[in-house]
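> Chains as they are written, first to last, in this note's numbering: chain A, 1327 to 1653; chain B, 198 to 495; chain C, 134 to 370.
Please read through the structure below; I'll follow up with questions.
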Amino acid sequence: MHKLSTKKALIAFVIFGWILVIVADRVDELRVYQGATIAITTLSIASIILLTGYSGQVSLGHGAFLAFGAYAAALAQTYWQSPFWFTLLVAVMVSAAFGFILGFAAGRLSGPYLAGTTLALAVGLPTLANQFSFLGGETGLVYDAGLPPARFGEEFTLYKWFFWIAVFVVLIAMFLLRNLLNSRFGRTWKSLRANPTAAALCGVNVAQSKVMAFTISAGVAGLSGALLGMISIVAPSAFPLSLSFTIITGAILAGVTSLLGSMLGAVVLVVIPEIADVISHQLGDSEKVVTNLPGFIISVLLILTVLFSPNGPAEAMRKRREQHAKH
Amino acid sequence: MRNLLGTLLIGLTLGSVYSLMALALVLVWRSTRVVNFAQAGQAIVTTYIAYEIVTRTGVFWLAVLFAVAAGALIGAGVEYFLMRTLFRHVDEGPVAALAPVIATLGLLGVIRSIVGMIWGNDFRSFYSPVSTDNFVLAGETIPFSRLNLLIILATVVVMIIFSIIFQRTDLGLSLRAAAFQPEIARLAGIRVGPIRTLGWVFAGVAGAIAGVLVTPTTILSPNSLDLLLVFGFVAAVIGGLESLPGAVLGGLVLGLGVSIVLNYVGTSLVFPSIFVVLIISLIVRPNGLLGNKKVRSA
Amino acid sequence: MSSLVVSNLTVSHGAIRALRDISFEVQEGELTAIIGANGAGKTTLLRTLSGLKDAESGTATWRDRNILGKRPEDLVRRGISHVSEGKSVIPELTVRENLVIGGLWRRDKSGTERAIKEAVELFPRLGERMSQSANTLSGGERQMLAIGRALVSRPRLLLLDEPSLGLAPLIIEQIFAAIKNLQKSMNLTVVLVEQNANSALEIADTGVILNLGELVASGNAGELLEDPALKSAYLGY
Ligand SMILES: Nc1ncnc2c1ncn2[C@@H]1O[C@H](COP(=O)(O)OP(=O)(O)O)[C@@H](O)[C@H]1O
Ligand SMILES: [Mg+2]
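In structure tokens form, the structure reads like this:
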């Protein structure tokens, strides 16, 4: 894949955003909502790709960072009456700060220790919300982006407004991420993942750049968490352990080495519950099946992907192409 | 004084179940070098099986027996069908090293959703086989019941059986040899494949027992053992992840710690404090309480 | 009678070809030294013969039956014991346990006890440290323990990978003497990998010289020692 220049990429992002907005005008509410979900999931998958695909660290509990971001944003809105754009900034900063702390510990761990520590975070974090009253308990906190400006007209629904915001924020974030990964940092991380020893010998500060990757990844995750809170709620039930599973599955399906794949992964993740709906309908709409089938399909996909194409289908295809080119 | 005794006894009870879960994680880690996050899922299945038997027959011991057998079977199945395939497929690439861990995570998801489809996601009560009334000592109630006593005794019995198997039998010697140096074990003629499966079987048994012991003190739902998994993992890490006595010690230390926080600080800080304990123990004693100094980078 | 026959053996580590078209034979009861500098492919050869590594092409038979592509634990049952490079003991186990594991597969407790006793007679220093952790042994003692463990498996073919590595000359002498003694007293077939060409060829009956994965010479150990061309090119003195 040849790399676009930054200017061309910027144009591509703008055109892509434009197309999305036009399309959103012509489809129904549910699709618009799903569109927003895809945009937000793309961003959360991108945060894992940055962490795992580029810096070689793993987080099984990235849902926790989404929660940090969402709660930070909601708290800023509730208690400081901050403007919406500022709450997003708070989400990024707070989540990144937690990422920095964890990344500092993570720099000294690897493999199973890091996996377990991040998982512990995701399991334990929701229990906290019930303990502190200012976090709103099970019902959580209210967080929204306000009503759409009046000049967009009566027709302009709340969901469309959410969609606009989500797409706008995600496109900017993805554009910045893309530039970051193509920069010196991105290359450093890649060299780290490929061969930490060699990278260290080349003068890369291994620990520092791992912490950096963790911090940025957490910040990105926090931002997507705030957006997720905007379209749903900011409560423990919005950030269950299965959210972390889902993000990882998306990243693995996307092939953890390509930022572009994150959108593909997000589409798959949003489509799965739809498919599950159809299947459970066929099976007679038992409530037990309806609630559990999406999780089942996602987990099975995760297992099958690591079994048969651990680096993701995209990576496998790239390898096959390379081999073709050689012969 | 009464408070102190209560804290200690509660700590021992909690520590017992944490130890069992830690033991399960360590057994799998030693045999396959994977932290098996699906352990919570395997244990939830066996606990639901025990629940079915208890509700139908009312015989707790029969339920434990079935849970243990199912735990052994599921452990063997996961190792044989999933882990072996995985290690055959995974060779290189950014995710390769993480693939087994991610697969166990996926398995946890699969098991939970299947359990949810069968039993539903609502909370159920698993009735205690013995009285949960607190004992009265010299006219004062202490927060300790027959159920707590049963949990501690059962754990002690399991630990004794495990330590006899591991320290006194040829099988245990094979398990240890294969865990520490699989290549040398093979050169000595030990069939490492079946021995590895056996490690998963023992882990499945320990997890199953942890599940049936802890559930009567709480509730049963498809993810009711997630926190136990986390506590077990932290205990295993405190103990060094390699050592069976370390896992037990780690469990007890953690149980006492949690009990102290519960009693003197409050429920709200249990999770943050164990998380801090986890991070500190990882940084300060990277090889656990009983370990020597090697870096945890495998 | 040739008991170990290797022909046209080629082995690679990914893109690196570690052994190219190697052929040699070892007679029953003979001590053969495999000599070569670092990276010559000696370890790869032994690992292939004991089942730890797959070959790319060629054949290898022990007592007329194929040994390539077999599991090490099965080859042990056919009498092949491999003491791998770098003191192959399990530091987390005691000395005694390290010896016992060699005999577990036979499920014959008294036979194992007898074999352990013989190993201790050969290396008396192990006897004094039976309940100590193997971790506490010196380098030489570890090497003795590794060989002792292999003996408890009652091998007919013993594969030794650089037993002298990192040991003091006096200890090396003891270990080499023990190896020679084993070969003679038990009619054991031994393949001894060494960089230490001189002392290895002195106790060996035949020798094989490897260089960069290729076999450059093989034959009677005494003649190899005397060959002036080999001396300067490969034996390094
Ligand atoms: N696991 C391995 N992966 C890649 N290359 C290896 C591996 N083991 C050995 N080699 C290479 O194979 C060649 C032979 O190595 P080895 O058999 O260890 O030689 P020796 O034991 O004679 O020193 C060397 O070039 C070495 O770098
Ligand atoms: Mg070598």
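Built from N, CA and C at the ideal position, the CB exists for glycine as well.
(1) At a cut-off of 7 Å, would you count residue 218 of chain C as near ligand 2, judging by its Cβ distance to the nearest heavy atom?
(2) When every heavy atom of ligand 2 is checked, does at least one fall within less than 7 Å of the C-beta of residue 175 of chain C?
(3) Taking 8 Å as the CB-CB cut-off, is residue 314 of chain B touching chain A?
(4) So the beta strand (DSSP E) residue 160 of chain C belongs to, where does it begin and stop?
(5) Tell me, please, whether the CB atom of residue 396 of chain B is closer than 8 Å to any CB atom in chain C?
(6) Once the 5 residues before and after residue 1470 of chain A are set aside, which same chain residues still bring their CB inside 7 Å of it?
(7) How should residue 373 of chain B be labelled, buried or exposed, when 16 other C-beta atoms within 10 angstroms of its C-beta is the threshold for buried?
(8) Tell me which residues share the same chain as residue 235 of chain C and place their Cβ nearer than 6 Å to its Cβ, disregarding the 5 neighbours each side in the sequence.
(9) Between residue 1614 of chain A and chain B, is any beta-carbon pair separated by less than 8 Å?
(10) With residue 1425 of chain A and residue 1543 of chain A assumed to form a contact (beta carbons below 8 Å), what rounded beta-carbon distance in angstroms separates them?
(11) In angstroms, rounded to a whole number, what distance separates the CA positions of residue 326 of chain C and residue 147 of chain C?
(12) If contact is defined by three or more beta carbon pairs under 8 Å, each pair taking one atom from either stretch, is the stretch 1444-1455 of chain A in contact with the stretch 439-454 of chain B?
(13) Take the Cβ of residue 335 of chain B as the centre, count every other Cβ of all protein chains shown within 10 Å, and call the residue buried at 16 or more, exposed below.
(14) Could you check the C-alpha separation between residue 144 of chain C and residue 185 of chain C for me, to the nearest Å?
(15) Quick check: what's the CA-CA separation for residue 1487 of chain A versus residue 1404 of chain A?
(16) Taking the Cβ atom as the reference point for each residue, do residue 1628 of chain A and residue 1575 of chain A lie within a distance shorter than 8 Å?
(17) Answer with yes or no whether the minimum CB distance from residue 238 of chain C to chain B is below 8 Å.
(18) Does residue 303 of chain B come within less than 8 Å of chain A when only Cβ atoms are used?
(19) Using the Cα positions of residue 222 of chain C and residue 283 of chain B, report the straight-line distance between them to the nearest angstrom.
(20) Beta-carbon within less than 6 Å of residue 1429 of chain A's beta-carbon, same chain only, minus the 5 sequence neighbours each way: which residues are those?
(21) Using the Cβ count rule (16 or more neighbours within 10 Å means buried), how would you classify residue 155 of chain C?
(22) What would DSSP say about residue 136 of chain C, mapped onto helix, strand or coil?
(23) What separation, rounded to the nearest whole angstrom, lies between the Cα atoms of residue 1333 of chain A and residue 1374 of chain A?
(24) Mapping DSSP to helix, strand and coil, what is residue 193 of chain C?
(25) Give me the Cβ distance between residue 1398 of chain A and residue 1548 of chain A, rounded to the nearest whole Å; I'm assuming they're in contact under 8 Å.
(26) By Cβ distance below 7 Å, which residues in the same chain neighbour residue 1345 of chain A in space, the five residues on each side in sequence not counted?
(27) Compare the C-beta of residue 215 of chain C against all C-beta atoms of chain B and say whether one is closer than 8 Å.
(28) Under 7 Å Cβ to Cβ from residue 1504 of chain A, same chain only, skipping five residues before and after it: list those, please.
(29) Does any heavy atom of ligand 1 sit closer than 7 Å to the C-beta of residue 149 of chain C?
(30) Following a CB-centred definition, is residue 344 of chain C positioned closer than 7 Å to any heavy atom of ligand 1?
(31) Using a Cβ-Cβ cutoff of less than 7 Å, which residues in the same chain neighbour residue 384 of chain B once the five nearest sequence positions on both sides are dropped?
(32) Within the 8 Å Cβ cut-off, does residue 384 of chain B reach chain C?
(33) Give me the subset of the stretch 1449-1475 of chain A whose CB atoms are less than 7 Å from a CB atom of chain B, sorted by chain position.
(34) Check whether the Cβ of residue 1633 of chain A lies closer than 8 Å to any Cβ atom in chain B.
(35) In three-state DSSP terms, what is residue 1466 of chain A?
(36) Hey, is the stretch 209-225 of chain B in contact with the stretch 420-433 of chain B, meaning 3+ C-beta pairs nearer than 8 Å?
Quick answer:
(1) yes
(2) yes
(3) yes
(4) 149-160
(5) no
(6) 1556
(7) buried
(8) 282, 285, 286
(9) yes
(10) 6 Å
(11) 23 Å
(12) no
(13) exposed
(14) 12 Å
(15) 21 Å
(16) yes
(17) yes
(18) yes
(19) 29 Å
(20) 1537, 1540, 1541
(21) buried
(22) strand
(23) 26 Å
(24) strand
(25) 7 Å
(26) none
(27) yes
(28) 1335, 1585
(29) yes
(30) no
(31) none
(32) yes
(33) 1449, 1450, 1453, 1454, 1457, 1458
(34) yes
(35) coil
(36) yes
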